[in-house]
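Visitor: Sequence order for the protein chains is U and S.
Position one of the first sequence corresponds to residue 3 (my numbering), numbered consecutively onward.
Position one of the second sequence corresponds to residue 3 (my numbering), numbered consecutively onward.
Idealized CB from N, CA, C, for every residue including glycine.
One structure coming up, written as structure tokens, with questions to follow.
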Amino acid sequence: MTLSTSEHPVGEGPQAVADGPQADRVARRRLGGTFWLAIGWVSLMSVAAFAAPWLPITDPEEIGVGGRLEGPSWDNWFGTDTNGRDMFARTIWGARISMVVGFVSIVAGFLIGGTIGVVGGYLRGRTDRILGFGIFVMFCFPAFVLALLIIAVLGQSLWIVAGVLSVLSIPTVSRLTRAITMLFAEREFVAAARLLGATNRRVMVREILPNVLIPMAALLLLGLGITIVAEGGLAYLGLSVVDGFSWGKMIQLGAAPRTLRAGPWVAFFPIGAMFLTVLSLNWAGDRLRQHFDIRELGIGAR
Amino acid sequence: MVFLARRLAFMLGVLLTVTFLLFAAMNVLGDPLFNVVGFYAAVDCDAVLAGEIEDVAGMGGTSFGDCQVVAAAKEKYHLNDPLPVQYGHWIANMFQGDFGRSYKNNMAVSTILGERLPKSLLLMGMSVIVALGVSIPWAVAAAYRANRRLDRASTAGAFGLLSIPNFALGVIFFYFFVVRWQIFPSRFMDDNLGSRLHSLILPAATLGLPLAAVYQRLLRTDLITTLQEDYVIMAKAKGLSDRWIMFRHVLRPSLFGMVTVVGLNTSALIGGSIIIEQIFNIPGVGRELYVSMVRDDYTVVLAAAVVLTAGFVIINTAVDLFYSYLDPRVSRDA
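Listed below in structure tokens is the structure:
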């Protein structure tokens with residue numbers, strides 16, 4: 003998946019032009035209601051996933067709560083699956099593994115890849131070349147094929163799945179971090195810190211890192227969307243976490259031809275939940291990226 | 003020319019590195035011997051053959067004969083040699099077209115993959131055609147009236163398309179077009195070219211449409227940038243029609259930025275095709291990789307992974323070369 007390129011090269015449309023630069027600036031410095039709506043959905047999903055055991059919903063593994071493959075009703079909001087399990091409870095429980103694997107892998111990937119990117123982008127020279135070569139080799143593998151192979155060989159525990167996905171996110175993350183770091187490494191405040199005798203480590207942690215963190219937050223949201231989808235893909239092939247189930251696993255179960263014919267909702271509710279979550283993450287990430295994109299600020303903006 | 007040679011040599015180096023890593027990983031993490039002889043792999047056969055142990059309790063009576071089989075298998079698959087030597091044997095065979103034999107049905111792996119590869123290539127080709135065929139007119143239409151209602155709606159549409167996981171899109175398509183309306187077959191029909199193309203339309207759309215959304219966003223931005231050029235105003239002043247300007251003067255220079263991304267995403271298709279081939283029952287390389295993985299068919303898994311990875315590396319190199327052909331500055335810098 004590609005991170006989107008910069009938007010609106012000709013201004014924000016007729017509205018912004020009509021209201022003049024002042025209004026344009028104000029409009030641009032707000033993240034907008036849709037951003038908070040998207041963040042709200044992701045938070046709601048995270049909370050629901052976290053609190054699933056304590057929520058007043060039926061047991062997702064309990065067989066025969068309703069009839070087999072019954073459509074959405076007042077009792078079972080999302081219908082029931084082939085074993086008569088409540089799909090609403092399952093959709094909430096399914097969020098648990100999807101979200102946990104997504105979170106853990108992207109955060110770990112950012113910690114490692116981000117460190118590599120900052121160190122390489124700031125120190126340059128030989129360190130950068132060595133790190134860059136490692137990253138290059140990682141880029142040479144088709145990521146998803148590699149994930150399948152490693153998980154098939156190592157096993158399907160939560161930590162292995164999350165670990166593999168995080169390793170696979172390292173090359174992209176470190177390359178982006180490196181590019182952002184290089185922008186800041188040339189700036190005056192970094193030169194000033196070095197003149198004052200700050201060590202490389204101090205410059206990286208105190209001067210570079212706080213500046214890099216902001217654009218990285220946007221990338222983190224986009225990346226989370228990608229890892230959730232990747233986990234879904236693995237789960238669809240039956241190669242994600244064995245214990246429990248995630249949205250991908252539910253989609254796989256619902257996509258069996260007979261189930262799909264008789265009860266499309268079994269596949270479609272987890273698809274919907276996943277789609278809304280990924281859409282929200284993409285949207286929020288994109289808004290945040292635009293919000294902090296230096297290139298897109300006018301001269302008057304601060 | 004020097005650039006071409008250097009780039010190809012580099013590609014060969016990458017291929018060797020990548021295949022070695024794959025080979026080593028499969029040998030170190032997995033146990034190839036286990037795949038050949040099953041649980042006998044766990045028996046200390048050296049000791050049995052040397053006569054130190056008579057029989058191994060709990061192994062269903064491992065005898066001298068069983069261990070001879072194990073020893074023969076070790077010999078045959080060069081499992082006694084150090085890893086780099088094993089790799090040498092394996093890669094040398096591979097260059098001669100000998101991919102080994104499947105552990106499960108003893109078919110030549112090259113035959114299996116030779117049968118699967120054309121289908122995967124056809125699928126990928128069609129996906130790229132769908133992606134380009136949809137994205138270019140879409141982007142032109144959007145850029146023609148940038149930031150108007152149609153453009154905004156299409157941007158939202160592209161965003162939505164980008165947020166659907168491709169396997170979910172596949173399931174949705176499968177439900178409507180195969181299960182509900184029965185327009186397309188539920189599995190790959192291999193009767194003639196027409197039926198092949200027909201059964202690949204849906205999977206190609208599943209792979210191609212999200213890519214089309216990526217390309218549309220990119221090309222739209224580039225088109226709008228190009229539209230600001232003075233020569234466009236000039237062409238307009240000459241009285242050329244909008245259509246002529248758009249397609250003859252604006253589209254071509256704007257396509258440049260898309261080339262690299264198309265290449266990179268084409269290689270990314272390889273990963274996506276594994277799941278899509280699974281959903282639409284297409285006997286391609288990706289599906290073979292997956293099925294063999296489930297069956298623990300080690301030689302086939304390794305060969306399929308090498309084929310996919312090699313395809314990935316080759317496409318990336320081709321994109322690089324094509325790019326340097328379009329923009330000579332690239333090769334001068336290298």
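I'd like to check one pair, Y217/S with A141/S: are the Cβ atoms closer than 9 Å?
Guide: Yes, these two residues count as a Cβ contact at 9 Å.
Visitor: Looking at the structure shown, is T223/S part of a helix, part of a strand, or coil, going by DSSP?
Guide: T223/S: helix per DSSP, three-state reduction.
Visitor: Hey, which unbroken runs of the beta strand (DSSP E) at 3 residues or more fall wholly within the region 203-279 of chain U?
Guide: Within the region 203-279 of chain U, no complete beta strand (DSSP E) run reaches 3 residues.
Visitor: Using the C-alpha atoms, what's the distance from V166/U back to V130/S?
Guide: Near 29 Å, if we compare the C-alpha coordinates of V166/U and V130/S.
Visitor: Are at least three pairs of beta-carbons, each pair with one atom in the region 52-63 of chain U and one in the region 204-224 of chain U, less than 8 Å apart?
Guide: No: fewer than three Cβ pairs fall under 8 Å.
Visitor: Determine contact between the region 117-126 of chain U and the region 177-194 of chain U, defined as no fewer than three beta-carbon pairs at a distance below 8 Å.
Guide: Touching, per the Cβ criterion.
Visitor: When the Cα atoms are used, what is the spatial distance from S137/S to P144/U?
Guide: Each residue's Cα considered, the two are about 24 Å apart.
Visitor: Near P62/U, which residues of its chain fall below 6 Å by C-beta distance, leaving aside the five closest residues on each side in sequence?
Guide: Answer for P62/U: A91, R92, W95, listed in chain order.
Visitor: Please work out which residues of its chain come closer than 8 Å, Cβ to Cβ, to M191/S, disregarding the five sequence neighbours upstream and downstream, and give them in chain order.
Guide: S197, R198, H200, S201, listed in sequence order.
Visitor: Which residues in the same chain have their Cβ closer than 7 Å to the Cβ of M128/S, if we skip the five residues on either side of it in sequence?
Guide: L202, A206, listed in sequence order.
Visitor: Per DSSP, what kind of secondary structure is A110/S in: helix, strand or coil?
Guide: A110/S falls in the strand class under three-state DSSP.
Visitor: Got a sec: is the Cβ-Cβ distance from G273/S to anything in chain U below 9 Å?
Guide: Interface residue, yes.
Visitor: Is the CB of L211/S under 9 Å away from at least one CB in chain U?
Guide: So, not an interface residue.
Visitor: I'd like to confirm the pairing. Which residues does DSSP put opposite R128/U in its beta bridges?
Guide: Note: R128/U sits in no beta bridge, so no partner.
Visitor: What did DSSP end up calling D88/U once you bin it into helix, strand or coil?
Guide: Strand, per DSSP.
Visitor: Is the region 130-142 of chain U in contact with the region 279-292 of chain U, if contact means three or more CB pairs nearer than 8 Å?
Guide: Flag = no, the region 130-142 of chain U and the region 279-292 of chain U do not touch.
Visitor: Tell me, please, whether the region 170-182 of chain U touches the region 109-118 of chain U by the rule of three or more beta-carbon pairs shorter than 8 Å.
Guide: Segments in contact, yes.
Visitor: Could you tell me the distance, in whole angstroms, from the CA atom of E188/U to the CA atom of I278/S?
Guide: Rounded to whole angstroms, E188/U to I278/S spans 46 Å at the Cα level.
Visitor: Rounding to the nearest angstrom, what Cα-Cα distance links T157/S and I247/S in this structure?
Guide: So the two alpha carbons sit approximately 23 Å from each other.
Visitor: Let me check understanding here. Comparing Cα to Cα, which of G34/U, I59/U, S242/U, S48/U lies closest to V155/U?
Guide: It is S242/U.
Visitor: Please list, in chain order, the chain U residues whose beta carbon lies closer than 8 Å to that of L310/S.
Guide: Correct list: P144, V147.
Visitor: Looking at the secondary structure, which residues open and close the alpha helix (DSSP H) in which N318/S lies?
Guide: Looking at the DSSP string, the run of the alpha helix (DSSP H) that includes N318/S is 300-328.
Visitor: Quick one: grab the DSSP three-state call for V169/U.
Guide: Looking at V169/U - three-state DSSP - the assignment turns out to be helix.
Visitor: Tell me which residues share the same chain as L119/S and place their Cβ nearer than 8 Å to its Cβ, disregarding the 5 neighbours each side in the sequence.
Guide: So the list reads G286, V287, V309, once near-sequence residues are dropped.
Visitor: Against chain S, does A25/U count as a neighbour if the rule is that its beta carbon must be under 9 Å from one of theirs?
Guide: Caution applies to A25/U, whose pLDDT of 49 falls short of 50 and renders its modelled position unreliable; the value that the coordinates give is listed next. Taking Cβ atoms only, chain S never reaches closer than 9 Å to A25/U, which makes this a no.
Visitor: Counting only Cβ pairs nearer than 9 Å, list the residues of chain S close to V280/U.
Guide: Per Cβ cutoff of 9 Å: L164, S165, I166, P167.
Visitor: Taking the DSSP output, what are the residues bridged to P93/U?
Guide: Checking the displayed sequence, the identity of residue 93/U turns out to be Thr instead of Pro. Beta-bridge pairing links T93/U to no other residue.
Visitor: What is the DSSP secondary structure of T262/S, counted as helix, strand or coil?
Guide: Note: T262/S maps to helix in three-state DSSP.
Visitor: For the alpha helix (DSSP H) holding S165/S, just list the boundary residues, first then last.
Guide: 151-165 is the span of the alpha helix (DSSP H), which, as asked, contains S165/S.
Visitor: Grab me the residues of N82/S's own chain with a C-beta within less than 6 Å of its C-beta, minus the 5 sequence neighbours each way, in chain order.
Guide: Within the same chain, N82/S has close Cβ partners K76.
Visitor: How about A237/U and G250/U: do their beta carbons lie closer than 9 Å?
Guide: The answer is yes: Cβ separation under 9 Å.
Visitor: Determine, using beta carbons only, whether L160/U and V103/U come nearer to each other than 9 Å.
Guide: Their beta carbons are under 9 Å apart, which means L160/U touches V103/U by this criterion.
Visitor: For Y300/S versus M28/S, is the C-beta distance shorter than 9 Å?
Guide: Yes, the Cβ-Cβ distance between Y300/S and M28/S is below 9 Å.
Visitor: Is there at least one non-hydrogen atom of the ligand SAM closer than 8 Å to the beta-carbon of A270/S?
Guide: This structure does not include the ligand SAM; it has no bound ligands of any sort.
Visitor: Can you give me the C-alpha to C-alpha distance between T262/S and A286/U, rounded to a whole angstrom?
Guide: The straight-line gap from Cα to Cα measures roughly 27 Å.
Visitor: Taking Cβ to Cβ, would you say A306/S is nearer than 9 Å to L115/S?
Guide: The answer is yes: Cβ separation under 9 Å.
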